[in-house]
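Here is the structure we will look at, set down as structure tokens.
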Amino acid sequence: MLLSIHQPVYLPGIILFNKIALSDAFMFLGHVPFSKQSWQQRNRINVQGRELFLSVPVVTADRLGQGIDEVLIAPKDPWARKHVGSIRQAYAKRPYFNDYFPALADEITRPHTHLADLNRALIRLIMGWLGIATPVLESRDHEPEGHKTDMLITLCQAAGADHYVSNEGARAYIREDDMAAAGIRHCWQEFEHPVYDQGGAEFVPNLSVIDLLFNTGPAAGEIVRRSGRVVPGAFAP
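So this is what it looks like as structure tokens:
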């Protein structure tokens, strides 16, 4: 079984959904420390050819070292209404806006108290739109030990995975030889960002996947799948 693992992030980009689609199972990594102003709480959309960050305000005072699953959304900030308004402004004229916006707006404005729960709900919603049926697991259902590669090994073992896939951002810390010694074949996601019609003169890459959905509609799922592949790492068990 090929497993991928990722933190619950806000309105993630195409690369994450490609990795999930390539996997036999996907695991949310919610027990690790929260990083302020990371993709865990924000992402980008395209407003008339320029990037706009949408950031979810969270409670950090006196909560140093909190895990992602523990992060509370700031209760009195009208962020959800602002995000929905910005998304409407950015995409109302795109061809598939009405197909996705009502359900997306409903989920964003739902009274989630925890950031990770909001992120999980949005990712599951988008997986459905993309036709990705990969089973979803939770790190919190297991007892992961260690950090980085050691933690990934324990989670693979807990899930019964003998293959694990990372994206390029993990090259700084993945120890493929240690994974092989534990009986796990490490693999890499080779990702090439797709180019599609955004309605502007120049293409803006690395946005939230909702940009792809509003612009390409039912074709988005196949575009996501074609944008990457799994290649074996350097070490075999």
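For the sequence shown, the numbering used here begins at 1336 and goes up steadily by one. Note that CB positions come from ideal geometry on N, CA and C, so glycine has one too.
| query | result |
| --- | --- |
| Residues that G1563 bridges to, as DSSP identifies them | F1526 |
| Cα-Cα separation, D1427 to D1441 | Residue 1427 is actually Ala in this sequence, not Asp. About 16 Å. |
| Per DSSP, the bridge partner or partners of S1543 | G1348 |
| Stretch pair the stretch 1351-1361 + the stretch 1458-1468: three plus CB contacts closer than 8 Å | yes |
| Cβ neighbours of D1497 in the same chain (closer than 8 Å, five flanking residues each side left out) | M1336, C1491, G1518, I1519, R1520, P1572 |
| Minimum Cβ-Cβ distance from E1480 to chain B less than 8 Å | Here chain B cannot be found, since the structure has a single protein chain. |
| Secondary structure of A1440, DSSP reduced to three states | helix |
| When V1530, P1479, R1429, L1548 are compared against S1562, the one with the closest alpha-carbon | V1530 |
| Given 8 Å, three or more beta-carbon pairs between the stretch 1340-1349 and the stretch 1369-1385 | yes |
| For G1402, the residue or residues it bridges with in DSSP | P1368 |
| Separation of A1515 from S1474, as counted between CA atoms | 21 Å |
| Pick from A1569, L1439, L1453, G1402 that is closest to V1500, judged by C-alpha positions | A1569 |
| Distance, D1476 Cα to A1438 Cα | 29 Å |
| Nearest-angstrom beta carbon gap, H1449 and D1404 [assumed within contact, 8 Å] | 7 Å |
| Pair within 8 Å by beta-carbon distance, V1394 and F1369 | no |
| Check whether R1364 and I1340 have beta carbons under 8 Å apart | It is worth fixing the name first, because residue 1364 is Leu in this sequence and not Arg. For L1364 and I1340, yes; Cβs fall inside 8 Å. |
| Alpha carbon of Q1383 to alpha carbon of R1455, nearest angstrom | 28 Å |
| Those residues which DSSP pairs with A1360 across a bridge | L1338 |
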